[in-house]
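Heads up: the sequence shown is residues 32 to 210, going by the working numbering.
Ideal placement from N, C-alpha and C gives every residue a C-beta, glycine not left out.
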Amino acid sequence: CWVNRFQWLSGVAAAARAGGRQKDAEVVFACMDDWISSNPLPVEKLEGTGSTLWYHPWGPLQAGIRMKHWMLVLHVLWDSPALTGERFGRYVRSIRQHGVWLSRVSTKLWKDANHNHFIMEMEGLFNAGLFPWLRESAAMQKAAVHNLIRCVRKQVLPDGVHMERSPAYHNGCIQWLAL
């Protein structure tokens with residue numbers, strides 16, 4: 032799961048930027064390129080619930096977390112010569128696929144908005160919706176905000192604590208909801 036979530040890549044991108052070495056930025060983008068070419072969208076599962084994808088590279092939780100970190104990478108390395116037009120086009124297509132995936136699969140999996148995974152998945156959808164090159168951007172943002180509001184209503188207790196009453200989950204949910 033950890034590799035497919037790419038939580039590590041935004042830190043590597045920041046180091047590449049700080050060091051000013053194009054070869055480091057090239058490695059960051061090569062990781063994204065390799066993932067995209069090795070993990071095509073499982074279109075046959077778009078109409079499913081996603082429940083069989085827990086450890087799959089396209090598992091909804093993995094996809095949501097990945098979107099957050101890919102968007103951070105693109106922000107940090109936006110002006111890098113390693114971000115070629117060809118790569119950028121590939122990322123636009125993949126980010127669109129992630130947005131479509133999350134908007135269809137996550138909402139079926141968490142119909143009641145009663146799980147912290149749904150918060151992370153909607154955070155990923157919101158991040159994908161920030162990509163202005165997608166015609167679905169506004170719809171993705173709107174759906175994500177709508178579902179995040181549902182999550183707050185369902186998962187946050189009257190005293191402001193997350194329903195799992197765990198400090199770790201509570202802190203995580205605060206961060207995820209803060210986007």
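- For valine 192, the three-state secondary structure derived from DSSP is coil.
- Listed in chain order, the alpha helix (DSSP H) runs fully inside the segment 128-189 are 147-160 and 168-186, counting runs of at least 4 residues.
- Taken through DSSP and simplified to helix, strand or coil, aspartate 110 comes out as coil.
- Take the alpha-carbon of alanine 159 and the one of proline 91: they are about 13 Å apart.
- Taken through DSSP and simplified to helix, strand or coil, arginine 52 comes out as coil.
- Per DSSP, reduced to three states, the secondary structure at glutamine 38 is coil, with no helix or strand assignment.
- A distance below 8 Å between beta-carbons, with the five flanking residues on each side excluded, links glutamine 93 to the following residues of its chain, in chain order: Cys32, Asn35, Arg36 and His87.
- Counted as a single uninterrupted DSSP element, the alpha helix (DSSP H) harbouring tyrosine 200 occupies residues 198-209.
- Lysine 99 is classed as buried because its beta carbon has at least 16 other beta carbons within 10 Å across all chains shown.
- Valine 104 places its beta carbon less than 9 Å from that of alanine 44.
- Buried is the label assigned to valine 136, since at least 16 other Cβ atoms lie within 10 Å of its Cβ.
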